[in-house]
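**Q** Basically UniProt numbering = 1-based index in the sequence shown + 200. Backbone N, C-alpha and C define an ideal beta-carbon position, used for all residues, glycine too.
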Amino acid sequence: DWTMAAYREEAIRLIREQVGDAQVICGLSGGVDSSVAAVLIHEAIGDQLTCVFVDHGLLRHNEASEVVAMFRDHYNIPLIHADEADLFIGELEGVSDPEVKRKTIGRLFIDVFQRYADQIEGAGFLAQGTLYPDVIESVSFSGGPSVTIKSHHNVGGLPEKMGLKLVEPLRELFKDEVRALGHELGLPASFIGRHPFPGPGLAIRCPGEITRDKLDILRKADAVYLDQIRKHGLYDEIWQAFVALLPVRTVGVMGDGRTYEYACALRAVTSVDGMTADYYPFSHDFLGETATRIINEVRGINRVTYDITSKPPGTIEWE
Ligand code: XMP
């Protein structure tokens, strides 16, 4: 795509001009936007860029190691893997209110990010994968009534607090253009086409009290479900798919014995922008096979349900 090739060259020139000799810090989440921003900036300024990946222990199975392998090992981008799972999960254990979960994670995220970023000498800039819709969203609703359904955490206010200027090389792009740029930069298609994943991660897919045990069960069930979706070639038809582990145990029977384990709900939706969504019409065969696999392969779950709520009135996440 010649347009993206030209955009890439121009963006690289502008990043060099803006940054000069300073060091740049980029918070990497594993999502498409911050990844494309990091690879682009690395192409512009090489090792003047350091990425900080805050691992809160609420990621999917293998996700942290995939992010580290790709950026540190494949792209050779200096990357600090802030493995702070014990800190986050320690503070979240026993917490059940969704907004308290989000606020706790948001607060710790900023603390941790700052602690690691402070170790980078000569840092002058903070890189963010802000897109054009993020830029306009922050002004377009001003004046109108606003209702907060869920408080999304971000690193707002952090640049000023740390005395850093912002580098936002994706500010003029829409999501599909960011994907095209990622493609132009050689990011694997499987990475560019990833489903969105919420900042608070598995914490909001574990309604009710969070425990390490529940997170482990959830992570395993989620991995089986996504494996099923990929095997059936459905991943790219779906906007988001995940398991929610329900805070309820149900009676079941396996072999000669009675079981008393957790129930889970599968969620899969189609959407254009996440604002509205329809549940995905899986075949009954797919659902049946997936339920059997989860119950056979994941200890701790003995019942599987499928969530057929659209948004509105539901939301995509359970919390
Ligand atoms: P809901 O559940 O509100 O989600 O229908 C809409 C989209 O936003 C994601 N989401 C979040 N993302 N922090 C995030 O970064 C959050 O606290 C959060 N809550 C929901 C959700 O996964 C979906 O893509």
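Give the DSSP-derived three-state secondary structure of I516 in the structure shown.
**A** The residue given as residue 516 occupies position 316 in the sequence shown. Coil.
**Q** Under the three-state reduction of DSSP, which class applies to H274: helix, strand or coil?
**A** As a position in the sequence shown, residue 274 is number 74, starting the count at 1. The answer is helix: DSSP assigns H274 an H, G or I state.
**Q** So residue 158 and G257 are supposed to be a Cβ contact under 8 Å. How far apart are they, rounded?
**A** Nothing about residue 158 can be reported from this structure: the residues present for the chain run from 201 to 519 only.
**Q** In this structure, does DSSP put V268 in helix, strand or coil?
**A** For the purposes of this step, residue 268 is taken as residue 68 along the sequence shown, with counting starting at 1. Helix.
**Q** Alpha carbon to alpha carbon, what distance is there between E519 and E299?
**A** Numbered from its first residue, the sequence shown carries residue 299 at position 99. Numbered from its first residue, the sequence shown carries residue 519 at position 319. So the two alpha carbons sit approximately 8 Å from each other.
**Q** Determine the closest residue to R213 out of V312, E243, F486, with distance taken between C-alpha atoms.
**A** In the sequence shown, counting from the first residue as 1, residue 213 sits at position 13. Checked all of V312, E243, F486; the closest Cα to R213 is E243.
**Q** Taking one C-beta from the region 434-441 and one from the region 449-457 each time, how about it: are there three or more such pairs within less than 8 Å?
**A** no
**Q** Under 8 Å, with one C-beta from each stretch per pair, do the region 501-512 and the region 474-484 reach the 3-pair mark?
**A** Short answer: they touch.
**Q** DSSP three-state label for A477, please.
**A** On the sequence shown, residue 477 is found 277 positions in, with the first residue counted as 1. If DSSP states are grouped into helix, strand and coil, A477 belongs with the strands.
**Q** Does at least one heavy atom of the ligand XMP sit under 8 Å from the Cβ of E263?
**A** Position 63 of the sequence shown holds residue 263. It does not: the Cβ of E263 is nowhere closer than 8 Å to a heavy atom of the ligand XMP.
**Q** May I ask which residues mark the beginning and end of the beta strand (DSSP E) holding A465?
**A** Position 265 of the sequence shown, counting from 1, holds the residue named residue 465. Following the DSSP letters along the chain, one finds A465 inside the beta strand (DSSP E) bounded by residues 457-470.
**Q** To test your reading of the DSSP string, which unbroken alpha helix (DSSP H) runs of 4 or more residues are found completely within the region 385-414?
**A** 389-392
**Q** Answer yes or no: do C251 and G227 have a C-beta to C-beta separation smaller than 9 Å?
**A** The residue given as residue 251 occupies position 51 in the sequence shown. The residue given as residue 227 occupies position 27 in the sequence shown. A contact, by the Cβ cut-off of 9 Å.
**Q** What's the call for P400, buried or exposed, on a 16-neighbour Cβ count within 10 Å?
**A** Against the sequence shown, residue 400 aligns to sequence position 200. Per the 10 Å Cβ criterion, buried.
**Q** To test your reading of the DSSP string, which unbroken beta strand (DSSP E) runs of 3 or more residues are found completely within the region 304-338?
**A** Counting whole runs of 3 or more residues, the region 304-338 contains the beta strand (DSSP E) stretches 323-327.
**Q** In angstroms with no decimal places, state the Cα-to-Cα distance between P333 and Y207.
**A** Locating residue 333 in the sequence shown gives position 133, where the first residue counts as 1. Locating residue 207 in the sequence shown gives position 7, where the first residue counts as 1. Spanning the two alpha carbons is a distance of roughly 18 Å.
**Q** Evaluate contact between the region 456-465 and the region 492-504, counting only Cβ atoms and requiring at least three cross-stretch pairs below 8 Å.
**A** yes
**Q** If the criterion is Cβ atoms closer than 9 Å, does the pair A327 and L366 meet it?
**A** Here residue 327 is taken as the residue at index 127 of the sequence shown, counted from 1. Here residue 366 is taken as the residue at index 166 of the sequence shown, counted from 1. Yes, they are a contact pair.
**Q** What is the DSSP secondary structure of V219, reduced to helix, strand or coil?
**A** Translated into positions along the sequence shown, residue 219 becomes position 19. Three-state result, V219: helix.
**Q** Which value, in whole angstroms, describes the spacing of the CA atoms of M475 and L259?
**A** As a working note, residue 475 is residue 275 in the sequence shown. As a working note, residue 259 is residue 59 in the sequence shown. Their backbone Cα atoms lie some 23 Å apart in a straight line.
**Q** May I ask whether a heavy atom of the ligand XMP can be found less than 8 Å away from the beta carbon of I516?
**A** Residue 516 sits at position 316 when you count from the first residue of the sequence shown. Yes.
**Q** Give me the DSSP bridge partner(s) of L228.
**A** In the sequence shown, residue 228 corresponds to position 28, counting from 1. In the DSSP output, where bridge partners are listed per residue, L228 has F253.
**Q** In terms of alpha-carbon separation, which member of A380, P398, P369 lies closest to I215?
**A** Taking the sequence shown and counting its residues from 1, the one referred to as residue 215 is at position 15. Cα-wise, what sits closest to I215 is P369.
**Q** Roughly how many angstroms separate the alpha carbons of F341 and L249, rounded to a whole number?
**A** Indexing the sequence shown from 1 puts residue 341 at position 141. Indexing the sequence shown from 1 puts residue 249 at position 49. Because the pLDDT of F341 is 44, which lies under 50, any placement of that residue in the model is unreliable, and the number read from its coordinates should be weighed accordingly. Taking the straight line joining both Cα atoms gives about 34 Å.
**Q** Tell me which same chain residues have a C-beta within less than 6 Å of the C-beta of M204, skipping the five on either side of it?
**A** In the sequence shown, the residue the question calls residue 204 occupies position 4. Once the five neighbours on either side are set aside, the close Cβ partners of M204 are A380, L381, E384.
**Q** Give the C-beta separation of P398 and E517 to the nearest angstrom, bearing in mind that I take them to be a contact with Cβ-Cβ under 8 Å.
**A** Along the sequence shown, one-based indexing puts residue 398 at 198. Along the sequence shown, one-based indexing puts residue 517 at 317. Yes, they are in contact, since the Cβ atoms of P398 and E517 sit about 6 Å apart, within 8 Å.
**Q** Between which two residues does the alpha helix (DSSP H) holding I289 run?
**A** The residue given as residue 289 occupies position 89 in the sequence shown. 285-292 is the span of the alpha helix (DSSP H), which, as asked, contains I289.
**Q** Roughly how far, in whole angstroms, is the beta-carbon of Y316 from the beta-carbon of I280, given that I think they are within contact range, below 8 Å?
**A** What you label residue 316 is simply residue 116 of the sequence shown in a count that begins at 1. What you label residue 280 is simply residue 80 of the sequence shown in a count that begins at 1. At roughly 5 Å, the Cβ-Cβ gap stays under 8 Å, so Y316 and I280 are in contact.
**Q** Are the beta-carbon atoms of I494 and L364 separated by less than 9 Å?
**A** Residue mapping note: residue 494 aligns to position 294 of the sequence shown, counting from 1. Residue mapping note: residue 364 aligns to position 164 of the sequence shown, counting from 1. Not closer than 9 Å, so no.
**Q** Quick one: measure Cβ to Cβ for Q223 and E360, integer angstroms, because I've assumed they're closer than 8 Å.
**A** In the sequence shown, counting from the first residue as 1, residue 223 sits at position 23. In the sequence shown, counting from the first residue as 1, residue 360 sits at position 160. About 18 Å; that fails the 8 Å criterion.
**Q** Return the chain-ordered list of same chain residues with a C-beta closer than 6 Å to the C-beta of G329, the five sequence neighbours on each side being excluded.
**A** Along the sequence shown, read from residue 1 onward, the residue named residue 329 stands at position 129. Here the set comprises D233, S234, A237, L370.
**Q** Starting from I501, follow the beta strand (DSSP E) in both directions and report where the run begins and ends.
**A** One-based indexing of the sequence shown puts residue 501 at position 301. That run of the beta strand (DSSP E) goes 501-506.
**Q** Does DSSP put L364 in a helix, in a strand, or in coil?
**A** Residue 364 sits at position 164 when you count from the first residue of the sequence shown. Residue state, collapsed to three classes: coil.
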